[in-house]
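Encoded as structure tokens, the structure appears first; notes follow it.
Residue numbers (this note's numbering): 4 to 326.
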């Protein structure tokens with residue numbers, strides 16, 4: 004159902020390129036409210052990017068969906084990319100960004116539609132995970148360049164300002180940690196709000212999620228820590244196989260730690276697998292909490308932990324130590 008709503012919103016989102024749309028004008032964005040679902044889509048009205056090579060036009064920007072007519076809590080945006088007049092670049096092209104001369108990526112957006120309109124090829128791509136960090140960085144940037152497949156582009160200053168406008172219009176994620184209580188098991192779990200890894204290779208995405216838990220609603224003693232890692236690969240890895248996790252914390256090697264298989268599910272693009280580090284989660288969390296840079300490998304998958312995630316893990320470690 005979410006994909007159907009997104010497809011509708013994406014068509015409206017790119018109305019400037021493909022057709023005329025209706026909605027409540029807000030300047031750099033407009034809102035489309037769907038009464039039947041009580042969902043508002045806040046859609047970006049940005050300029051097309053400056054294309055260096057590979058396509059006639061590129062449209063790049065965020066899309067938010069929230070309950071009701073007014074956003075009242077944080078939601079993760081989609082990152083949407085429209086290509087006009089480009090050769091086929093496949094269902095899962097790599098997306099690289101260069102934000103204020105700092106490389107970011109690769110990311111793996113999914114192609115959600117592909118058709119010909121007025122004798123011109125149209126390709127829609129969506130990146131629905133880890134995008135709040137990207138939008139936040141673009142909103143604060145002076146220059147943004149990108150490459151998706153073979154197509155190179157850069158964002159205009161006006162587009163960057165408009166992305167900042169839509170970013171500022173939305174509630175921000177709380178700086179504190181996520182805390183959930185399970186009444187059936189009487190367990191409280193505490194985990195990071197910035198779990199998505201960056202500079203991922205050999206996977207579509209990686210979620211690196213240290214957490215701790217304790218009985219009841221109030222922490223009264225030592226907590227039990229764990230490190231959960233979720234990733235999407237295509238083709239899938241051998242089901243049930245344990246993987247070695249290695250870390251380079253400020254260039255100091257740690258590991259290997261054994262990550263054991265928990266579960267997997269087949270999605271439209273790739274297989275999402277969940278693993279848990281079998282031993283040593285406390286030392287991993289403590290080391291990352293004091294670090295500036297962290298790189299990791301999980302089997303053949305490579306990734307880095309973003310500075311925002313390191314900050315959250317530091318906070319997690321501090322909370323773990325509280326009595």
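Cβ atoms here follow ideal geometry from the backbone N, Cα and C, with glycine treated the same way. Fair warning: this is a prediction, and the values are worked out from it, not measured in the lab.
Shortest alpha-carbon distance to residue 204 belongs to which of 75, 306, 50? One-based indexing of the chain shown puts residue 204 at position 201. For residue 204, the nearest C-alpha among the options comes from 306.
In this structure, how does DSSP classify residue 230 when only helix, strand and coil are distinguished? As a working mapping, residue 230 is identified with position 227 in the chain shown. Residue state, collapsed to three classes: strand.
Pull up the CB-CB distance for residue 77 and residue 158, whole angstroms please, since I reckon it's below 8 Å. One-based indexing of the chain shown puts residue 77 at position 74. One-based indexing of the chain shown puts residue 158 at position 155. In this structure residue 77 does not touch residue 158 by the C-beta definition: roughly 24 Å separates them, more than the 8 Å allowed.
Please report the Cβ distance between residue 140 and residue 102, rounded to the nearest whole angstrom; I am assuming they are in contact, meaning their Cβ atoms lie under 8 Å. Residue numbering aside, residue 140 sits at position 137 when the chain shown is read from its first letter. Residue numbering aside, residue 102 sits at position 99 when the chain shown is read from its first letter. Yes, they are in contact, since the Cβ atoms of residue 140 and residue 102 sit about 5 Å apart, within 8 Å.
Along the chain, where does the beta strand (DSSP E) containing residue 184 start, and where does it finish? As a working note, residue 184 is residue 181 in the chain shown. Where residue 184 is concerned, the enclosing beta strand (DSSP E) stretches over 181 to 185.
Should residue 93 be labelled buried (16 or more other beta-carbon atoms within 10 Å of its own) or exposed? Reading the chain shown from its first residue, position 90 is the one you call residue 93. Residue 93 sits exposed, since fewer than 16 C-beta atoms from the chains shown fall within 10 Å of its C-beta.
Short Cβ contact (8 Å threshold) for residue 288 with residue 250: Your numbering for residue 288 matches position 285 in the chain shown. Your numbering for residue 250 matches position 247 in the chain shown. No, the Cβ-Cβ distance between residue 288 and residue 250 is not below 8 Å.
Do residue 235 and residue 208 have their beta-carbon atoms positioned less than 8 Å apart in this structure? As a position in the chain shown, residue 208 is number 205, starting the count at 1. As a position in the chain shown, residue 235 is number 232, starting the count at 1. The Cβ atoms of residue 208 and residue 235 lie closer than 8 Å to each other.
Secondary structure at residue 247, three-state DSSP: helix, strand or coil? Within the chain shown, the letter at position 244 stands for residue 247. Residue 247 falls in the strand class under three-state DSSP.
Please classify residue 27: does DSSP put it in a helix, a strand, or coil? For the purposes of this step, residue 27 is taken as the residue at position 24 of the chain shown. Low confidence applies here, because residue 27 scores a pLDDT of 42, under 50, leaving its location unreliable; read the following figure in that light. DSSP, read as helix, strand or coil, puts residue 27 in strand.
Count the other C-beta atoms from every protein chain shown that fall within 10 angstroms of the C-beta of residue 145, then say buried if there are 16 or more, exposed otherwise. Here residue 145 corresponds to residue number 142 of the chain shown, with the count starting at 1. For residue 145, the number of other beta carbons within 10 angstroms of its own is below 16, and it is reported as exposed.
Figure out for me which residue from 150, 59, 278, 111 has the closest Cα to the Cα of residue 1. No statement about residue 1 is possible, as the shown extent of the chain runs from 4 to 326 and does not include it.
Quick check on DSSP: helix, strand or coil for residue 56? By 1-based counting over the chain shown, the position of residue 56 is 53. Reduced to three states, the DSSP call for residue 56 is strand.
Ends of the beta strand (DSSP E) at residue 38? The sequence position of residue 38 within the chain shown is 35, counting from 1. Neither: residue 38 is in no beta strand (DSSP E) and is coded neither H nor E.
Excluding sequence positions up to five away, which residues of its chain have a Cβ less than 6 Å from the Cβ of residue 201? Counting from 1 along the chain shown, the entry for residue 201 is found at position 198. 307, 309.
CB of residue 322 within 8 Å of CB of residue 193, strictly: Translated into positions along the chain shown, residue 322 becomes position 319. Translated into positions along the chain shown, residue 193 becomes position 190. Yes, the Cβ-Cβ distance between residue 322 and residue 193 is below 8 Å.
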